[in-house]
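Counting from 1 along the sequence shown, just add 395 to a position and that's the residue number in our numbering.
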Amino acid sequence: MGYAQLVIGPAGSGKSTYCSSLYRHCETMQRSIHIVNLDPAAENFDYPVAMGELGHLEDNLDDWLTEELDNFLDDDYLVFDCPGQIELFSHVPMLRNFVEHLKRKNFNVCGVYLLDSQFMTDVTKFISGCMASLSAMIQLELPHVNILSKMDLVTNKKDVEDFLNPEPQFLLSELNQRMAPQFAKLNKALIELVDGFSMVSFVPLDLRKERSIQYVLAQIDNCIQYGEDAEVKIKDFDPEDDD
Ligand SMILES: Nc1nc2c(ncn2[C@@H]2O[C@H](COP(=O)(O)OP(=O)(O)OP(=O)(O)O)[C@@H](O)[C@H]2O)c(=O)[nH]1
Ligand SMILES: [Mg+2]
Numbered sequence: 396m397g398y399a400q401l402v403i404g405p406a407g408s409g410k411s412t413y414c415s416s417l418y419r420h421c422e423t424m425q426r427s428i429h430i431v432n433l434d435p436a437a438e439n440f441d442y443p444v445a446m447g448e449l450g451h452l453e454d455n456l457d458d459w460l461t462e463e464l465d466n467f468l469d470d471d472y473l474v475f476d477c478p479g480q481i482e483l484f485s486h487v488p489m490l491r492n493f494v495e496h497l498k499r500k501n502f503n504v505c506g507v508y509l510l511d512s513q514f515m516t517d518v519t520k521f522i523s524g525c526m527a528s529l530s531a532m533i534q535l536e537l538p539h540v541n542i543l544s545k546m547d548l549v550t551n552k553k554d555v556e557d558f559l560n561p562e563p564q565f566l567l568s569e570l571n572q573r574m575a576p577q578f579a580k581l582n583k584a585l586i587e588l589v590d591g592f593s594m595v596s597f598v599p600l601d602l603r604k605e606r607s608i609q610y611v612l613a614q615i616d617n618c619i620q621y622g623e624d625a626e627v628k629i630k631d632f633d634p635e636d637d638d
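Here you go:
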């Protein structure tokens, strides 16, 4: 069983920076992970590049992946740093096919959606960020972790805290205050949608703090049962059999 994070989110939300910080964190913890950049346009990498260069994303993703995955062990942990074009995970089937491919190869995959913390300062931005995340979630059908990136830029923590684990009623009343009265019904429907998918939950990430990276990683590992499988392996291990 392999493990994979698919790191997605709007352009500039901090995906590549997260990947390199995660790489360094794991290096310190002496834990093996491989970062793979899926952006054919990317040239400068802040982390060792784990796979060969990909040409045009749409054309040869399948062949490329088949070939490249052969270089990895069955229980390797891969982190895919995706490009930021929102259409890639909202309505183009490419990333979805990519995920199917990984699943066929026995990978447990988690969608890791990054949203810039500056989107969290008012309710309308929050809702639009949620909608984009939701569309990725529906398109990819993956276990999903929402991350609020760039927490070091947040000066007033209170502003953001309101949106980390918000009550639906709070969101609705905020939204109603911001919008003209004729939107009341739509607001209610939006909040119900967001609440119904139980995705109104963001994990804050402050890359200056190892503890914060560790916490985010633990949430994702939990989603793809990373630690659990390892534990089983240790339990199943019988020294008597080892000769
Ligand atoms: N202060 C701060 N800046 C950050 C953080 N993460 C990323 N940035 C900055 O935000 C900008 C975009 O970061 P990237 O990591 O390239 O974002 P990305 O999501 O990979 O962007 P695309 O690949 O273009 O979609 C860069 O200028 C980063 O230095 C963070 O945690 N704190
Ligand atoms: Mg990037």
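Every residue gets a Cβ at the ideal spot worked out from N, C-alpha and C, and that includes glycine.
Not one heavy atom of ligand 1 lies closer than 7 Å to the C-beta of threonine 516.
Beta-bridge partners assigned by DSSP to phenylalanine 475: Leu401 and Val431. In the structure shown, the three-state DSSP call for tyrosine 508 is strand.
Remark: the shortest separation between the CB of lysine 410 and any heavy atom of ligand 1 falls under 7 Å. Among the bridge pairs identified by DSSP, proline 599 is matched with Leu543. In the DSSP secondary-structure assignment, asparagine 503 is bridged to Tyr398. Annotation for aspartate 511 indicates a beta carbon at 7 Å or more from all heavy atoms of ligand 2. Under the three-state reduction of DSSP output, glutamate 438 falls in the coil class, being neither helix nor strand.
Set against 7 Å, the gap from the CB of serine 544 to the closest heavy atom of ligand 1 is smaller. Proximity of the beta carbon of leucine 612 to ligand 1 is not indicated: no heavy atom of the ligand is located closer than 7 Å. For alanine 531, the shortest separation between its Cβ and any heavy atom of ligand 1 does not lie below 7 Å.
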